[in-house]
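Novice: Numbering (this note's numbering), first residue to last: 328 to 627. Dumping the structure here so I can ask a few things about it.
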Amino acid sequence: MGLQHIEAFRAVIQTGSMTEAARRMHTSQPQISRLVAQLEQIAQFALFDRSGSRVFPTAEGTRFFQEVEKAFTGLTTLEAAAQGIRSFRADRLRVTAMPRLASGLLTRIAANFMMDYPEAMVSIRSGTATTVHEWVSSGLCDVGLAMLYQETSGVEVEPLFTGQCVAVLPTGHPLAARDVLTPTDLAEQPFIASPSGGQLAERIDQVFNAANARRRIVAETDLGASVCTLVGAGLGVSVINPLAAHEERENAGLLIRPFQPAIATTVALIYPPYVARSRLVSVFSDYARRRVQQELTLMA
């Protein structure tokens, strides 16, 4: 007893005609008749009384149809379940990033994803770089978006974009005439710094110390937007990641210049270690890759 036998039988019951059943199943009337006859041989009882072009179910055929409908109801339930799995219905994705990325790039990635998968629940958390790392490494979050300035352990890292930090100046600053800025150029300038202990702060300290260039730090903040706002207000200069600089350039009134020696920065997805990625995480990661490439095009 195959599925084709059952589908043919069901179509004949519902249409009351072998010919109409054939049209519904996009096949020939003789093929429907053959399938029904084979099913009757398998069942070992008559399913239909035939009267001219019309057919009527026997009592046994009616009882059998009731059982068939139960089976098809089960198949419908399975189809609905499969659809729910495909669309991530009731699935929860926990993502995290530092505030700058969480409110900007990560939110844009999540918006793209949720437009295509509205039944998925996306939870976005923001925290310090250390907190983001801990949330992901412990499995509290499924995936993180991070700005990395050195090798990172304790998580799986998938780089999306690697660039170089840039110098940012307020409009009209005397150093704006220079094409490239160095630690020596920024020595004794009022400087908006990243808090000590962070990856970026450590890299900037290394570069300035190697050049024997002393900065005059007037403020510290770990938010790229805050750095740009303070610089744009004329309170100092800074060295920050290129993503934040380009996003805030127009709002904050910034000038951007290349900075040497290079301080590499990588936008990366980070995942819990030793954990197989779910389909939900993999699909979200695809959206992240595409969105980052789109934004790199706009920055070019």
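For each residue, glycine too, the CB sits at the ideal point set by N, CA and C.
#1: From this set, Ala335, Val470 and Phe372, which residue's C-alpha is nearest arginine 452's C-alpha?
#2: Round the Cβ separation of glycine 563 and proline 517 to the nearest angstrom and send it over; I've been treating them as touching at under 8 Å.
#3: So within the stretch 453-485, which uninterrupted alpha helix (DSSP H) runs reach at least 4 residues, ignoring any that extend past its ends?
#4: Among all the DSSP beta bridges, which residues are the ones paired with glycine 329?
#5: State the DSSP-derived secondary structure class of tyrosine 633, mapped to helix, strand or coil.
#6: When the distance is taken between beta carbons, is valine 493 closer than 8 Å to arginine 584?
#7: Starting from glutamate 547, trace the beta strand (DSSP E) in both directions and tell me its first and last residue.
#8: Measuring straight from C-alpha to C-alpha, what distance separates serine 360 and threonine 403?
#9: Would you mind stating whether leucine 496 and threonine 593 have Cβ atoms separated by less than 8 Å?
#10: Jot down the residue ranges of each uninterrupted alpha helix (DSSP H) in the stretch 487-569, minimum 4 residues, whole runs only, in chain order.
#11: Put tyrosine 614 into one of helix, strand or coil per three-state DSSP.
#12: Quick test of your reading: isoleucine 436 and tyrosine 614, contact by CB under 8 Å. State the CB separation rounded to the nearest angstrom.
#13: Out of Glu483, Met352 and Ala514, state which residue places its alpha-carbon closest to the alpha-carbon of isoleucine 544.
#14: Going by DSSP, what residue range makes up the alpha helix (DSSP H) through valine 363?
#15: What's the gap between the Cα of alanine 520 and the Cα of tyrosine 601?
#16: Return the chain-ordered list of same chain residues with a C-beta closer than 7 Å to the C-beta of threonine 498, the five sequence neighbours on each side being excluded.
#17: For the structure I just gave you, are there three or more beta carbon pairs, one from the stretch 439-451 and one from the stretch 482-491, closer than 8 Å?
#18: Would you mind sorting alanine 338 into buried or exposed? The rule is 16 or more other CB atoms within 10 Å of its CB.
#19: Starting from leucine 581, follow the alpha helix (DSSP H) in both directions and report where the run begins and ends.
#20: For proline 445, count neighbouring Cβ atoms within 10 angstroms of its own Cβ and tell me buried if that reaches 16, exposed if not.
#21: Spell out the partners DSSP gives tyrosine 598 in its beta bridges.
#22: Select from Thr624, Leu625 and Val610 the residue whose C-alpha is nearest the C-alpha of asparagine 439.
#23: Verify whether the separation of the beta carbon atoms of aspartate 629 and leucine 607 is less than 8 Å.
#24: Whose CA, out of Leu625, Ser612, Leu420 and Leu366, lies closest to the CA of phenylalanine 391?
#25: For glycine 559, does the count of other Cβ atoms within 10 angstroms reach 16, so buried, or fall short, so exposed?
#26: Is the distance from the Cβ of valine 382 to the Cβ of glycine 343 below 8 Å?
#27: Per DSSP, which residues does isoleucine 451 bridge with? Please list them.
#28: Going by the CB atoms, is the gap between threonine 455 and methionine 425 shorter than 8 Å?
#29: Please report the residue range of the beta strand (DSSP E) in which arginine 604 lies.
#30: Is the separation between the beta-carbon of alanine 473 and that of alanine 335 shorter than 8 Å?
#31: Taking aspartate 549 as the reference, give the member of Val566, Arg421 and Leu433 with the closest Cα.
#32: Please report the residue range of the beta strand (DSSP E) in which phenylalanine 415 lies.
Specialist: Looking at the atomic coordinates:
#1: Here residue 452 refers to the residue found at position 125 of the sequence shown. Among Ala335, Val470 and Phe372, the Cα nearest to that of arginine 452 belongs to Val470.
#2: On the sequence shown, residue 563 is found 236 positions in, with the first residue counted as 1. On the sequence shown, residue 517 is found 190 positions in, with the first residue counted as 1. Their Cβ separation, rounded to whole angstroms, is 4 Å, which keeps glycine 563 and proline 517 in contact under 8 Å.
#3: 456-464
#4: Reading the sequence shown from its first residue, position 2 is the one you call residue 329. BP columns for glycine 329 are empty, so no partner.
#5: Only positions 328 to 627 of the chain appear in this structure, which leaves residue 633 out of reach.
#6: For the purposes of this step, residue 584 is taken as residue 257 along the sequence shown, with counting starting at 1. For the purposes of this step, residue 493 is taken as residue 166 along the sequence shown, with counting starting at 1. Taking 8 Å as the Cβ cut-off, arginine 584 and valine 493 qualify as a contacting pair.
#7: Taking the first residue of the sequence shown as 1, we reach residue 547 at position 220. Start and end: 543-547.
#8: In the sequence shown, the residue the question calls residue 360 occupies position 33. In the sequence shown, the residue the question calls residue 403 occupies position 76. If I take the Cα positions, the gap works out to 26 Å.
#9: By 1-based counting over the sequence shown, the position of residue 496 is 169. By 1-based counting over the sequence shown, the position of residue 593 is 266. Not in contact: leucine 496 and threonine 593 (Cβ atoms no closer than 8 Å).
#10: 510-513, 526-537 and 551-559
#11: Counted from its first residue, the sequence shown places residue 614 at position 287. Helix.
#12: In the sequence shown, counting from the first residue as 1, residue 436 sits at position 109. In the sequence shown, counting from the first residue as 1, residue 614 sits at position 287. Right, their Cβ atoms sit about 5 Å apart.
#13: The residue given as residue 544 occupies position 217 in the sequence shown. For isoleucine 544, the nearest C-alpha among the options comes from Ala514.
#14: Start at 1 with the first residue of the sequence shown, and residue 363 comes out as number 36. Start and end: 356-370.
#15: Taking the sequence shown and counting its residues from 1, one reaches residue 520 at position 193. Taking the sequence shown and counting its residues from 1, one reaches residue 601 at position 274. One C-alpha to the other measures close to 36 Å.
#16: If you number the sequence shown from 1, residue 498 lands on position 171. Excluding sequence neighbours, threonine 498 sits near Gly580 and Leu582.
#17: no
#18: Taking the first residue of the sequence shown as position 1, residue 338 is located at position 11. Looking at its Cβ environment, which holds 16 or more other Cβ atoms inside 10 Å, alanine 338 is buried.
#19: Along the sequence shown, read from residue 1 onward, the residue named residue 581 stands at position 254. Where leucine 581 is concerned, there is no enclosing alpha helix (DSSP H), although the beta strand (DSSP E) it sits in stretches over 581-585.
#20: The residue labelled residue 445 in the question sits at position 118 within the sequence shown. Burial call: exposed.
#21: Stepping through the sequence shown from its first residue, residue 598 is reached at position 271. Paired residues: Glu483.
#22: Start at 1 with the first residue of the sequence shown, and residue 439 comes out as number 112. Cα-wise, what sits closest to asparagine 439 is Val610.
#23: In the structure as shown, the chain begins at 328 and stops at 627. Residue 629 is therefore absent and cannot be evaluated.
#24: Locating residue 391 in the sequence shown gives position 64, counting from the first residue. Of the listed residues, the one whose Cα sits closest to phenylalanine 391 is Leu366.
#25: One-based indexing of the sequence shown puts residue 559 at position 232. When all chains shown are included, glycine 559 counts as buried.
#26: Your numbering for residue 382 matches position 55 in the sequence shown. Your numbering for residue 343 matches position 16 in the sequence shown. Taking 8 Å as the Cβ cut-off, valine 382 and glycine 343 qualify as a contacting pair.
#27: Position 124 of the sequence shown holds residue 451. Isoleucine 451 is bridged to Val422.
#28: Taking the first residue of the sequence shown as position 1, residue 425 is located at position 98. Taking the first residue of the sequence shown as position 1, residue 455 is located at position 128. For methionine 425 and threonine 455, yes; Cβs fall inside 8 Å.
#29: As a working mapping, residue 604 is identified with position 277 in the sequence shown. Neither: arginine 604 is in no beta strand (DSSP E) and is coded neither H nor E.
#30: Locating residue 473 in the sequence shown gives position 146, counting from the first residue. Locating residue 335 in the sequence shown gives position 8, counting from the first residue. It is not a contact, given that the beta carbons lie outside the stated cut-off.
#31: Residue 549 sits at position 222 when you count from the first residue of the sequence shown. Comparing Cα-Cα distances from aspartate 549 to each of Val566, Arg421 and Leu433, the minimum goes to Val566.
#32: Residue 415 sits at position 88 when you count from the first residue of the sequence shown. Element bounds for phenylalanine 415: n/a, residue is neither H nor E.
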